[in-house]
Amino acid sequence: MVTTLPTPLLAVSLLFRSKPRFAGIDHVISSVSAYADSSVELPLNKACKYGSVTLLNRIWNSTVDLEPGGWGLWSVRKLLRAYKLYGKLQFTLCLLEAVKTNNVDIVQWLFHHFPDYGVRRKVIYDAASAGALEILQYFRANGTVIRNEEEEQEEDEEWDEEKENWERGRWVRWGGLDAAKAAIAGHSDVVKWMYETYAQTCENRNDFCAMDGAFIAGDMDLANWLMDELCMDPEGHEALHGAAANGHVEPLQWFQERGEYTSWDAGTLFKAAEAGKLNVVRWIVDRDRNDSELGDQSGPDEYNFDYSYGDRTRRTYLTCLGGEATLAIHAAAINGHLEVAKYLRAHTDKPRNDREKTKEKWRLSKRKKALSERLKGNSSVETVSGRTMLFAAERGFLDVIKWLYVEYHADPKINLFWVCGHIDEYGYSENDNDCGDSESYCSVVDAAAGKGHLEIVQYLLHIGQEEEDTRKHKRQRIQENPDTVTRDSLSPPTKPKCTAVAMDVAAAHGHLDVVQWLHANRSEGCTTAAMDLAATNGHLDTVEWLHAHRSERCTVEAMDGAASGGHLDVVKWLHKYRTEGCTTAAMDNAASGGHFEVVKWLHDKHAGCTAAALDGAAAYGKLEIVKWLHRNRSEGCTKLAMDGAAHGGHLRVLRWLLENRKEGFTERALDNAARYSQFETLLILHNIAQQGYVKQVDIMDEEESNKWISEHYHDIARAEFYSGNGVGW
1 MVTTLPTPLL AVSLLFRSKP RFAGIDHVIS SVSAYADSSV ELPLNKACKY GSVTLLNRIW
61 NSTVDLEPGG WGLWSVRKLL RAYKLYGKLQ FTLCLLEAVK TNNVDIVQWL FHHFPDYGVR
121 RKVIYDAASA GALEILQYFR ANGTVIRNEE EEQEEDEEWD EEKENWERGR WVRWGGLDAA
181 KAAIAGHSDV VKWMYETYAQ TCENRNDFCA MDGAFIAGDM DLANWLMDEL CMDPEGHEAL
241 HGAAANGHVE PLQWFQERGE YTSWDAGTLF KAAEAGKLNV VRWIVDRDRN DSELGDQSGP
301 DEYNFDYSYG DRTRRTYLTC LGGEATLAIH AAAINGHLEV AKYLRAHTDK PRNDREKTKE
361 KWRLSKRKKA LSERLKGNSS VETVSGRTML FAAERGFLDV IKWLYVEYHA DPKINLFWVC
421 GHIDEYGYSE NDNDCGDSES YCSVVDAAAG KGHLEIVQYL LHIGQEEEDT RKHKRQRIQE
481 NPDTVTRDSL SPPTKPKCTA VAMDVAAAHG HLDVVQWLHA NRSEGCTTAA MDLAATNGHL
541 DTVEWLHAHR SERCTVEAMD GAASGGHLDV VKWLHKYRTE GCTTAAMDNA ASGGHFEVVK
601 WLHDKHAGCT AAALDGAAAY GKLEIVKWLH RNRSEGCTKL AMDGAAHGGH LRVLRWLLEN
661 RKEGFTERAL DNAARYSQFE TLLILHNIAQ QGYVKQVDIM DEEESNKWIS EHYHDIARAE
721 FYSGNGVGW
C-alpha cells in the first residue's frame with residue numbers, strides 16, 4: 001500500500017527552520033515529528049471521538065518505519081494494514097462513534113478507506129435510535145441489502161456476519177428492530193423513511209415491534225400510519241406495557257375500542273404502578289370495573305404464563321382477591337409512588353374470613369409465577385412484606401414507610417421490620433439459603449442507617465418502642481384467646497430494632513449524624529468495622545469522632561483500606577493517633593489504585609510492600625508508579641505484571657516492562673487480552689511471542705499466524721462489543 005507521509009507537526013517545522021544545516025533532509029524532520037506525535041498511535045475508533053477527519057488522515061498516512069524507537073511490533077496503526085479482521089472491527093467501532101455525533105463526514109471517510117466492509121445491524125440500531133437520518137440515507141445509497149433468502153440459507157436461519165466468507169461487498173444489514181428503535185426514541189421521520197424506501201421482502205424487519213414502538217412512545221399518528229402501511233394490527237403485551245410505563249393512556253384506549261385489551265393486558269397495571277403513572281392506573285381500574293364480562297371467580301387456566309383462556313385471557317377483576325393490583329402495591333411502594341400505592345390499596349378487595357384468605361394465598365402464588373414469566377424477571381413481583389419496607393427505607397421514602405406501617409402492621413402474617421438476608425457496607429443482600437434462625441435476618445432500621453436516612457431510623461425505632469410498651473396487652477389477649485394468630489408466631493425477631501450493624505454501616509458511608517444519634521440514643525454500639533470502613537472510604541471526620549467517643553478501636557484494615565482508596569489525609573491521621581499500623585497490603589493496594597502520593601508517603605515511613613505492588617500497578621496501567629517502584633523498591637514483580645497489563649490493554653506499560661524488566665509474560669497474557677476484548681493488545685503480544693519471548697506459545701509462519709487470529713477473532717470481537725465498548729452485539 002502506497003502511503004503519504006503526514007505533514008510534520010507545526011512545532012517541529014518551526015524548530016528546524018532555525019537550523020540551516022538540516023535543510024534538504026526532510027526525513028529527519030519527519031522522524032522527529034513522528035517521535036513527538038503521539039496522536040498517530042491512537043486506535044482509530046478513539047480518534048473518531050474527536051470528530052476530526054484531519055486526525056484520521058494523519059493516522060492513516062503515518063508509516064510504521066517512523067515508529068518511535070524503530071520497533072514496529074508495538075505500533076497500533078500497523079495493525080490497520082496488517083490484519084483485515086482488525087480493520088473490520090475498527091470500521092464498525094468507528095461507525096458507532098460517528099453515529100453518536102451524527103458525523104456524516106466521518107462515515108464518508110470510513111466508507112472510502114474501508115471499501116469492502118459491511119455495516120452491522122448494531123450500527124443501524126444506534127443510528128435509528130439517534131435519529132441520524134442523514135447517515136442512514138448514506139448507508140442506503142452506498143450499500144447493498146442482505147436478502148431474506150441469504151439469511152435463511154445459513155445455519156439456524158440466521159446470517160452470521162463473522163463467518164469466514166464475511167466479505168460480500170458493501171452490505172448493510174437493515175431490518176430486525178431498526179424501525180422499532182427509531183419509533184421508541186420518537187423519530188417517526190426515520191421510521192417512515194425506512195418503510196418508504198426499502199425493497200419489499202428484502203430487509204427482514206420486525207414490523208410488529210415497529211408498531212409496538214409507536215404505541216410505547218405514545219405516537220398514535222405513527223402507529224396508525226404503520227398499520228395502514230403494513231395492513232397489520234399489533235399483537236402482544238409489549239405495546240401495552242411500554243405505553244403504561246410511559247404514562248400513555250391513548251394506546252390502551254385503542255386496544256380497548258377494538259375489544260383486544262384483555263387479550264394482552266397481563267402486567268400492564270403492574271408496569272403503570274411501578275412507574276408511578278397514576279393516570280394510567282386509574283384508567284385501568286375504572287375500565288376493569290366497567291367490564292361486564294369480568295367477575296371475581298377465576299378459571300384454573302387463568303394463571304398460565306401466557307394468561308391464555310380462549311379469546312379472553314382472564315375472568316377476574318384486577319382488584320379482586322389475589323389479583324394483579326395486590327402485587328402492584330409493592331411495586332409502587334418501593335419506587336416511592338405513594339399515591340399509586342394508596343389508590344390500589346383502597347380499590348383492592350381484602351379477605352374477610354379464613355376461606356377467602358386461603359383463596360387469596362392460592363391465587364397470589366399462581367399470579368406471581370405467571371407475572372414473573374410475563375415480565376421476564378425485570379420487575380419485583382411480590383406482595384407487601386418486610387422487603388417492601390426495607391427497599392423503601394433504603395431509598396429514603398419516609399412517607400411510604402409511615403403508610404406501610406399504618407396499613408399493614410396489624411397483619412400478624414407480615415413481618416415488616418426484619419428480612420431474610422444481611423446488611424453490609426454495600427447494602428442489603430439476600431441470603432443464599434432460607435432463614436432458619438434470627439441470626440439470618442437483617443433489620444430494616446440497619447438498612448436505613450446505612451443509607452443515612454436518620455428520620456426513618458428515628459421513626460422506626462420510635463414505633464418499635466411503642467410496640468414494646470403494648471406487648472403486655474398482647475400477651476393478655478393471647479391468654480384469653482389462645483387460638484389467635486399473632487406476629488409473635490413469625491420467625492423472630494419482629495419489632496423495629498437496630499443492631500451494631502446500624503452504626504457500622506452508617507460510619508462506613510460517612511453518615512456522622514446517624515452515628516452520633518445512635519450513640520446518644522441506643523445501646524447496641526458498633527464494632528471495629530465502623531472505624532475500619534469509615535477510614536477505607538475516606539471519612540476522616542467520622543474516624544476522628546469514633547476515636548474520641550467510642551472504645552471499639554480499629555484494626556490494621558483501617559490504614560490498609562485508607563491507603564487502598566488513596567485517602568492520604570486519613571492514612572496520616574491514623575499513623576499519628578492510632579497504634580494499629582498497616583500491612584504490606586497498604587502500599588500494594590495503593591499502587592494498584594494509582595495513588596502515587598500514598599505510595600511515596602508509605603515508602604518514606606518505611607512501610608513494606610510485596611511484588612504485588614508493581615504487579616497491581618502494571619495491571620491497572622499506572623506506568624509512573626511502575627517506573628518509581630522499579631527505581632526505588634527491591635521487591636520487583638512477577639510475570640503477573642505483564643499478564644495483568646494485557647487484561648487492561650495497557651500497551652505502554654507492557655512495552656516498558658518488556659524493555660526494562662526480565663520477568664516477561666506467559667500465554668495467560670494472550671488469554672487475558674482475548675477474554676477482555678483487548679484486540680490491539682492481543683495482536684501485538686501474539687506478534688512479540690512469535691519472536692520467542694514466550695516458551696508456551698508455538699512459533700508459526702505468517703500463514704499459520706493469520707489463521708490462528710482468524711479462528712480466535714469471533715470470540716474476541718464479540719467480547720469487544722459486549723464489554724470493551726459497552727455496546728450490544
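Just so we're aligned, residue 1 is where the sequence shown starts under the UniProt record's numbering, counting upward by one.
We treat Cβ as the ideally placed atom computed from N, Cα and C, and that holds for glycine.
Please read these numbers as outputs of a predicted model, since none were measured by experiment.
Query raised in the report: Helix or strand or just coil, what does DSSP make of S710?
Result: helix
Requested in this report: Can you give me the Cβ contacts of N660 inside the same chain, cut-off strictly under 7 Å, excluding the 5 residues immediately before and after it?
Outcome: H630
Query raised in the report: Can you name, in chain order, every residue of its own chain whose Cβ lies under 8 Å from the Cβ of W601, other than the five neighbours on each side?
Result: L568, V571, K572
Query raised in the report: If we call anything under 8 Å between Cβ atoms a contact, is I284 one with A243?
Result: no
Query raised in the report: With burial defined as no fewer than 16 other Cβ atoms inside 10 Å of the residue's Cβ, what is the status of G175: buried or exposed?
Result: buried
Requested in this report: Leaving out five residues on either side along the sequence, give the residues of the same chain with a beta carbon under 8 Å from the beta carbon of R633.
Outcome: H603, C609, A613, L614
Requested in this report: Answer yes if the stretch 385 to 401 comes into contact with the stretch 361 to 368, meaning at least three C-beta pairs across the two stretches below 8 Å, and no otherwise.
Outcome: no
Query raised in the report: Is the number of C-beta pairs between the stretch 241 to 257 and the stretch 265 to 278 that are closer than 8 Å three or more?
Result: yes
Report task. Name, in chain order, the residues that DSSP records as bridge partners for V191. Result -> BP columns for V191 are empty, so no partner.
Report task. State the beta-bridge partners of I423 as determined by DSSP. Result -> Y428
Query - Reduced DSSP category for Y117 - H, G, I as helix; E, B as strand; rest coil - result: coil
Requested in this report: Specify, as a first and last residue, the run of the beta strand (DSSP E) that residue 733 falls within.
Outcome: No statement about residue 733 is possible, as the shown extent of the chain runs from 1 to 729 and does not include it.
Query raised in the report: What number of angstroms, rounded off, separates the C-alpha of R312 from the C-alpha of T262?
Result: Residue placement at R312 is poorly supported in this model, since its pLDDT is 45, which falls under 50; the coordinates are not used for a value here.
Query raised in the report: Are the CB atoms of I688 and L73 nearer to each other than 8 Å?
Result: yes
Query - At least three beta-carbon pairs within less than 8 Å, the stretch 661 to 670 to the stretch 632 to 648 - result: yes
Query raised in the report: According to the Cβ coordinates, are A507 and V515 closer than 8 Å?
Result: yes
Report task. Taking S372 and F270 to be in contact with their CB atoms under 8 Å, please state how far apart those CB atoms are, rounded to whole angstroms. Result -> Actually they do not touch by this definition, with Cβ atoms about 11 Å apart.
Query raised in the report: By the 10 Å Cβ neighbour count, where 16 or more other Cβ atoms means buried, how is F305 classified, buried or exposed?
Result: Its pLDDT being 45, under 50, F305 is placed unreliably in this model, and the value from its coordinates should be taken loosely. Under this definition F305 is an exposed residue.
Query - Separation of V626 from D698, as counted between CA atoms - result: 30 Å
Requested in this report: Specify whether the stretch 101 to 111 and the stretch 49 to 64 touch according to this definition: at least 3 beta carbon pairs, one from each stretch, less than 8 Å apart.
Outcome: yes
Query raised in the report: Near L344, which residues of its chain fall below 6 Å by C-beta distance, leaving aside the five closest residues on each side in sequence?
Result: A325, A328, I329
Requested in this report: Starting from C209, trace the alpha helix (DSSP H) both ways and give me its first and last residue.
Outcome: 207 to 216
Report task. Determine which residues share a DSSP beta bridge with W656 and list them. Result -> W656 pairs with nothing; no bridge assigned.
Query raised in the report: Excluding five sequence neighbours on each side, which residues of the same chain lie with their C-beta closer than 7 Å to the C-beta of A210?
Result: A179, A180, A183, V191, L226
Query raised in the report: Going by the CB atoms, is the gap between M232 and P251 shorter than 8 Å?
Result: no
Query raised in the report: Alpha carbon to alpha carbon, what distance is there between G396 and K49?
Result: 39 Å
Requested in this report: Compute the Euclidean distance between the alpha carbons of K342 and L404, then round it to the nearest angstrom.
Outcome: 10 Å
**Report entry** Helix, strand or coil at Y676 [DSSP, three-state]
**Finding:** coil
Query raised in the report: With DSSP run on the structure shown, which of helix, strand or coil describes G242?
Result: helix
Query raised in the report: If you drop the 5 nearest sequence neighbours on each side, which residues of the same chain put their C-beta closer than 6 Å to that of H347?
Result: V285, T319
**Report entry** Buried versus exposed, by CB contacts within 10 Å (16 or more), T7
**Finding:** exposed
Query raised in the report: Using the C-alpha atoms, what's the distance from K402 back to G566?
Result: 40 Å
Query - Per-residue burial, V406 [other beta carbons within 10 Å of its own, 16 or more giving buried] - result: exposed
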